[in-house]
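Chains as they are written, first to last, in numbering that gives the first Met the number 0: chain A, 0 to 159; chain B, 0 to 159. From the three backbone atoms N, C-alpha and C, an ideal C-beta is built for every residue, glycine too. Bear in mind that the values here come from a model prediction, so they are computed numbers and not experimental data.
Number of protein chains: 2
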Amino acid sequence: MKNRIKRQLAIKQAIITGRISSQDELLHIVKDQGYELTQATLSRDLRILKVAKVSDQALGYVYVIPEAVNTENQRENSRVNFLADGFRDLQFSGNLAVMRTMPGYASSLAVVIDKTEPYEIIGTIAGDDTILIIMREGVTHSDLINSLILIMPKLEEKLG
Amino acid sequence: MKNRIKRQLAIKQAIITGRISSQDELLHIVKDQGYELTQATLSRDLRILKVAKVSDQALGYVYVIPEAVNTENQRENSRVNFLADGFRDLQFSGNLAVMRTMPGYASSLAVVIDKTEPYEIIGTIAGDDTILIIMREGVTHSDLINSLILIMPKLEEKLG
DNA sequence: CTTCATTTTGAATATTTATACATTTTCGAT
DNA sequence: ATCGAAAATGTATAAATATTCAAAATGAAG
Numbered sequence: 000m001k002n003r004i005k006r007q008l009a010i011k012q013a014i015i016t017g018r019i020s021s022q023d024e025l026l027h028i029v030k031d032q033g034y035e036l037t038q039a040t041l042s043r044d045l046r047i048l049k050v051a052k053v054s055d056q057a058l059g060y061v062y063v064i065p066e067a068v069n070t071e072n073q074r075e076n077s078r079v080n081f082l083a084d085g086f087r088d089l090q091f092s093g094n095l096a097v098m099r100t101m102p103g104y105a106s107s108l109a110v111v112i113d114k115t116e117p118y119e120i121i122g123t124i125a126g127d128d129t130i131l132i133i134m135r136e137g138v139t140h141s142d143l144i145n146s147l148i149l150i151m152p153k154l155e156e157k158l159g
Numbered sequence: 000m001k002n003r004i005k006r007q008l009a010i011k012q013a014i015i016t017g018r019i020s021s022q023d024e025l026l027h028i029v030k031d032q033g034y035e036l037t038q039a040t041l042s043r044d045l046r047i048l049k050v051a052k053v054s055d056q057a058l059g060y061v062y063v064i065p066e067a068v069n070t071e072n073q074r075e076n077s078r079v080n081f082l083a084d085g086f087r088d089l090q091f092s093g094n095l096a097v098m099r100t101m102p103g104y105a106s107s108l109a110v111v112i113d114k115t116e117p118y119e120i121i122g123t124i125a126g127d128d129t130i131l132i133i134m135r136e137g138v139t140h141s142d143l144i145n146s147l148i149l150i151m152p153k154l155e156e157k158l159g
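Right, dumping it as structure tokens:
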């Protein structure tokens, strides 16, 4: 059955292209391309292709081709346009908040924050992709988050 | 529960060390270390740690920490080793760690650390010869040291 | 073209893993 | 301390995935 090889290529391609989170989903995609197979065969194919399943943010689980993991990230980086889009995440430790951004975004983001001089923030220090925010004593985590949303409303989707 | 942090570290460690092929297996290992948890919690931990399951030769399936899978990263190992030579010392103050390096090394070293996104570290900021590392709450000094060694094995000689 | 060994596959099923729901614990604010 | 909200966890179960077993397809050798 020569089909096997072609089919596995199609599977690989589908995984690289879309965010696929279950074998059933993948099964339908490949079937729609004209291949005949069942979940059992798909499971075997995935083993042969060394496909892995990892958690994708809070969204769920996705299949990945191990070698393609990095490429994926690169592609993501290139479609960044707006400043707030450079935001990655925000975490706290004591009275410090650490905001991580995409590479190169930290200093411009920090400038924006500093310029508005929010009461909640005593100061910031920016590297290339990380901003350290020193919070005023008594300021809560959600106070800080709110003040950041005030500065960059677009953050609300990512922080809310 | 501070346990959660330590437990997840233990899980990560177990995955890196042994070939683990099911959550049940992992569950027993972690339980034997004195942690109390169920498969449900383990499943959640694996999601948080972004652990992936891939096929391992004809043997079966094993859990892996994605960064360790990446072929791309393998090639990078030599570069990382070189960078580790720039390391000078590491000191702690509360939840902050300060790593001093030879002039010019700090930012590239910090990039290496950031890229692996170790659980123990919520962010870094690098100058020219100093890196400020903000540790996750509940992480001990030796936890941090271990995570750094994981990233740059060469550091073991200088930190161990 | 047979025969035999090997590979591939599907159906059914066992195993494994994720999650809904309820409960407990933790943590921040007052 | 006390309250309330958010996070963490266990139990039970649903959902997803791997594998067993039997059958069909393929291929090599006569």
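Does chain A have any CB closer than 8 Å to the CB of residue i?
i: residue 67(B); result: Per-residue confidence for residue 67(B) stands at a pLDDT of 44, beneath the threshold of 50, marking its modelled position as unreliable; no derived number is given.
i: residue 49(B); result: yes
i: residue 30(B); result: no
i: residue 134(B); result: yes
i: residue 88(B); result: no
i: residue 106(B); result: yes
i: residue 39(B); result: no
i: residue 96(B); result: no
i: residue 18(B); result: no
i: residue 113(B); result: yes
i: residue 83(B); result: no
By Cβ distance below 6 Å, which residues in the same chain neighbour residue i in space, the five residues on each side in sequence not counted?
i: residue 161(B); result: Lying before the first or after the last residue shown, residue 161(B) is absent from chain B, which here runs from 0 to 159.
i: residue 91(B); result: 140
i: residue 146(B); result: 117 and 119
i: residue 4(B); result: 137
i: residue 34(A); result: 6
i: residue 36(B); result: none
i: residue 59(A); result: 20
Within a Cβ cutoff of 8 Å, which residues of the same chain sit near residue i, ignoring the five residues on either side of it in sequence?
i: residue 93(A); result: none
i: residue 123(B); result: 109, 112, 113, 130, 131, 132 and 133
i: residue 63(A); result: 14, 50, 51, 52, 53 and 71
i: residue 164(A); result: Not covered by the structure: residue 164(A). The range shown for chain A is 0 to 159.
i: residue 22(A); result: 38, 41, 42 and 45
i: residue 121(B); result: 133, 134 and 135
i: residue 19(A); result: 13, 25, 28, 61 and 62
i: residue 30(A); result: 36
i: residue 9(A); result: 29, 32 and 34
For chain B, check one thing: does any of its Cβ atoms lie closer than 8 Å to the Cβ of residue i?
i: residue 11(A); result: no
i: residue 92(A); result: yes
i: residue 54(A); result: yes
i: residue 122(A); result: no
i: residue 127(A); result: yes
i: residue 138(A); result: no
i: residue 99(A); result: yes
i: residue 143(A); result: no
i: residue 131(A); result: yes
i: residue 8(A); result: no
i: residue 75(A); result: Because residue 75(A) sits at a pLDDT of 30, beneath the cut-off of 50, its placement in the model cannot be relied upon, and the point is left open.
i: residue 46(A); result: yes
i: residue 61(A); result: no
Would you list the one or two residues that DSSP bridges to residue i?
i: residue 236(A); result: Outside the modelled stretch of chain A, which goes from 0 to 159, sits residue 236(A), for which no answer is possible.
i: residue 54(A); result: 60(A)
i: residue 88(B); result: 99(B)
Residues in its own chain within less than 7 Å of residue i by CB, not counting five upstream and five downstream?
i: residue 142(A); result: 119
i: residue 150(B); result: 111, 112, 115 and 117
i: residue 11(A); result: 48 and 64
i: residue 105(A); result: 125, 126, 127, 128, 129 and 130
i: residue 85(A); result: 79, 100, 101, 104 and 108
i: residue 154(B); result: 83, 86, 147 and 148
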